[in-house]
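> Dropping a structure here in structure tokens format, bear with me for questions.
Residue numbers (this note's numbering): 2 to 548.
Next comes the structure, spelled out in structure tokens:
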């Protein structure tokens with residue numbers, strides 16, 4: 002079968018001269034270079050593993066770096082830089098032996114690079130928004146808030162190839178956590194030489210299959226094969242282009258026209274058209290994630306749980322999932338999605354089964370009890386992401402809220418995705434949409450978001466010492482059943498307070514050209530480019546077997 006060719010010239014329509022140059026380059030390039038064009042949802046704010054926070058950044062960073070663990074083509078944790086490991090009987094210390102590997106400049110990757118990376122991301126001077134994900138590590142939180150020096154983090158290089166990680170509490174989910182980019186090593190010798198500029202194309206060195214070669218802001222990011230990657234012999238593709246496909250309708254057309262090989266989103270309302278025109282491109286699968294709205298509890302209008310519950314009651318999730326999301330999204334009345342390992346789950350909110358009109362009547366009563374009415378209207382602003390189906394959902398929820406009573410007024414505003422999440426982390430919003438995708442398969446990866454110590458990832462600034470204590474107690478529990486029950490009680494406590502409003506449980510929605518091989522639908526929707534190839538290209542027996 003004919004291989005997909007580099008269509009860069011078709012994508013740079015605004016620059017005719019550049020398009021002609023790219024077209025000229027293409028003729029020579031396509032003779033012996035395999036190039037993949039990936040739609041990637043949004044423009045990254047950073048490709049520094051310590052500065053990133055979005056799935057669209059993870060798609061690129063995870064193609065460039067490998068942690069102690071990584072994902073296989075099915076999205077499950079497998080050994081990465083870890084060659085072997087042992088776990089103490091109490092589960093509080095893990096000792097890893099690293100494989101022999103080098104950075105893209107030939108310098109060895111050592112346990113000291115891991116030690117340096119963990120200290121850097123938890124150093125408060127780094128201002129890593131995602132640092133709270135690492136709080137299961139001993140002393141991670143006190144270091145991150147400046148109570149201890151970075152040297153006290155429970156990650157130590159015992160020698161060049163031996164790394165010790167000590168934990169605050171047993172963490173059976175640790176292999177999954179160690180696939181996340183917050184745990185990746187970074188090249189100490191490069192960071193110390195270039196500072197924050199180490200991640201620029203002219204400076205960066207990587208230990209993964211691809212190296213950053215070019216970044217044209219809001220246009221594309223290009224990575225090229227890292228010949229020194231320890232598994233380079235089993236990598237098929239030579240170059241990857243990632244495009245910030247904010248406009249999903251335009252991205253869909255680019256996939257259908259052959260300009261993109263794949264895009265990890267498509268408009269739900271187009272599912273019937275797509276199934277008629279390009280059914281073998283459509284990939285829909287269960288996805289471990291939740292769409293939810295955050296209410297800024299530091300603001301006067303959202304400090305009363307009655308107000309927050311009223312707003313949660315008024316939203317018609319069934320309409321949103323049936324008419325807008327479609328393709329398998331289901332209404333969410335809890336934060337943790339079904340099917341999470343070892344988690345029994347609870348009943349969710351106690352009004353989930355009530356008819357929507359009955360819920361809205363109760364919502365009006367709650368708002369009146371909280372002191373709102375014609376003389377004291379409830380007014381607030383709702384911010385939403387510019388991507389995917391979010392612009393279509395915003396006026397629906399605006400109408401849902403205003404249908405409670407004529408004295409409820411909501412103004413809606415659209416933001417670019419990366420700016421939107423930056424505002425959420427900064428607390429610069431009133432009400433806002435968002436989503437959370439599991440970093441590892443455990444309920445705590447959802448429930449940690451509501452811990453006070455997780456601010457700024459705790460967008461709503463929810464503070465409940467009883468909730469925090471119950472979650473902490475659950476994480477010290479070695480019995481899996483008791484731990485699951487305790488986390489369920491904690492989630493119910495949080496849902497009763499309603500600092501966040503669950504809306505829907507995700508499915509992944511992608512358009513993948515059938516010429517792309519190696520794509521396997523999975524619950525974390527992670528598809529590393531090292532496993533992808535094109536039909537008709539010879540691959541090693543090891544990679545072919547993995548597919």
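Backbone N, C-alpha and C fix where the C-beta goes; we use that ideal spot for every residue, glycine too. Predicted model, so just to flag it, every value in this text is computed and none were measured.
Residue 240: which of 403, 211 and 360 sits nearest, CA to CA?
Position 239 of the chain shown, counted from the start, is the residue given in the question as residue 240. Closest by alpha carbon: 211.
> Among the candidates 372, 403 and 200, whose CA atom is the shortest distance from the CA of residue 305?
Counting from 1 along the chain shown, the entry for residue 305 is found at position 304. Checked all of 372, 403 and 200; the closest Cα to residue 305 is 372.
> Spatial neighbours of residue 444 within its chain, please: CB distance less than 6 Å, with the 5 preceding and 5 following residues excluded, ordered by chain position.
Taking the chain shown and counting its residues from 1, one reaches residue 444 at position 443. Cβ neighbours of residue 444 beyond the five flanking positions: 337, 341, 344 and 488.
> Just to confirm my understanding: we take residue 253, look at its own chain, exclude 5 residues before and 5 after, and list those with CB closer than 6 Å. What are they?
By 1-based counting over the chain shown, the position of residue 253 is 252. Closer than 6 Å at the Cβ level, and outside the excluded window around residue 253, lie 267.
> Assuming residue 118 and residue 186 make a contact with CB atoms under 8 Å, what is their CB distance in whole Å?
By 1-based counting over the chain shown, the position of residue 118 is 117. By 1-based counting over the chain shown, the position of residue 186 is 185. Correct: roughly 5 Å between the Cβ atoms.
> Hey, quick one: how far does the beta strand (DSSP E) through residue 416 stretch, first residue to last?
Counting from 1 along the chain shown, the entry for residue 416 is found at position 415. Segment 409-416, the beta strand (DSSP E) holding residue 416.
> Can you tell me which of the three DSSP states residue 326 falls into?
Position 325 of the chain shown holds residue 326. If DSSP states are grouped into helix, strand and coil, residue 326 belongs with the helices.
> From the DSSP output, in three-state form, read off residue 181 for me.
Looking up residue 181 in the chain shown gives position 180. Correct three-state label for residue 181: coil.
> Taking the beta carbon of residue 50 as the centre, do at least 16 other beta carbons fall within 10 Å, making it buried, or is it exposed?
For the purposes of this step, residue 50 is taken as residue 49 along the chain shown, with counting starting at 1. So residue 50 ends up on the buried side.
> Going by C-alpha to C-alpha distance, which of 521, 216, 434 and 71 sits closest to residue 47?
What you label residue 47 is simply residue 46 of the chain shown in a count that begins at 1. Residue 216 is the option with its Cα nearest to residue 47.
> Taking the C-alpha atoms as reference points, what is the distance between residue 25 and residue 199?
The count along the chain shown starts at 1 and reaches residue 25 at position 24. The count along the chain shown starts at 1 and reaches residue 199 at position 198. Unreliable positioning characterises residue 25 in this predicted model, as indicated by a pLDDT of 36, which lies under 50. The coordinate reading is nonetheless provided below. Near 32 Å, if we compare the C-alpha coordinates of residue 199 and residue 25.
> For a test of the three-state rule: what should DSSP assign to residue 531, helix, strand or coil?
If you number the chain shown from 1, residue 531 lands on position 530. Helix, per DSSP.
> Kindly confirm or deny that the segment 413-433 and the segment 379-398 touch, where touching means at least three C-beta pairs closer than 8 Å.
The answer is yes - the segment 379-398 touches the segment 413-433, with three or more Cβ pairs under 8 Å.
> Could you tell me which residues DSSP puts in a beta bridge with residue 67?
Looking up residue 67 in the chain shown gives position 66. According to DSSP, residue 67 bridges with nothing at all.
> Let me confirm a value: residue 452 is counted as buried when at least 16 other C-beta atoms fall within 10 Å, else exposed. Which label applies?
Start at 1 with the first residue of the chain shown, and residue 452 comes out as number 451. Counting Cβ neighbours within 10 Å, residue 452 comes out buried, since at least 16 surround it.
> Mind checking which residues open and close the alpha helix (DSSP H) that includes residue 469?
Residue mapping note: residue 469 aligns to position 468 of the chain shown, counting from 1. Looking at the DSSP string, the run of the alpha helix (DSSP H) that includes residue 469 is 466-477.
> Based on Cα-Cα distance, which residue from 313, 484, 331 and 368 lies nearest to residue 350?
Position 349 of the chain shown, counted from the start, is the residue given in the question as residue 350. Checked all of 313, 484, 331 and 368; the closest Cα to residue 350 is 313.
> At 4 residues or longer, what runs of the alpha helix (DSSP H) sit wholly inside the segment 342-366?
Here no run is fully enclosed.
> Under the three-state reduction of DSSP, which class applies to residue 498: helix, strand or coil?
Counted from its first residue, the chain shown places residue 498 at position 497. Note: residue 498 maps to helix in three-state DSSP.
> Would you report the Cα separation of residue 256 and residue 497, rounded to the nearest angstrom?
As a position in the chain shown, residue 256 is number 255, starting the count at 1. As a position in the chain shown, residue 497 is number 496, starting the count at 1. So the alpha carbons of these two residues sit roughly 43 Å apart.
> If you compare alpha carbons, which of 524, 38, 72 and 494 is closest to residue 339?
As a position in the chain shown, residue 339 is number 338, starting the count at 1. With distances taken between Cα atoms, residue 339 lies closest to 524.
> For residue 236, which residues of its own chain have a beta-carbon under 6 Å away from its beta-carbon, when the five flanking residues on both sides are left out?
For the purposes of this step, residue 236 is identified with residue 235 of the chain shown, where counting begins at 1. Taken in chain order, the residues that qualify are 210 and 531.
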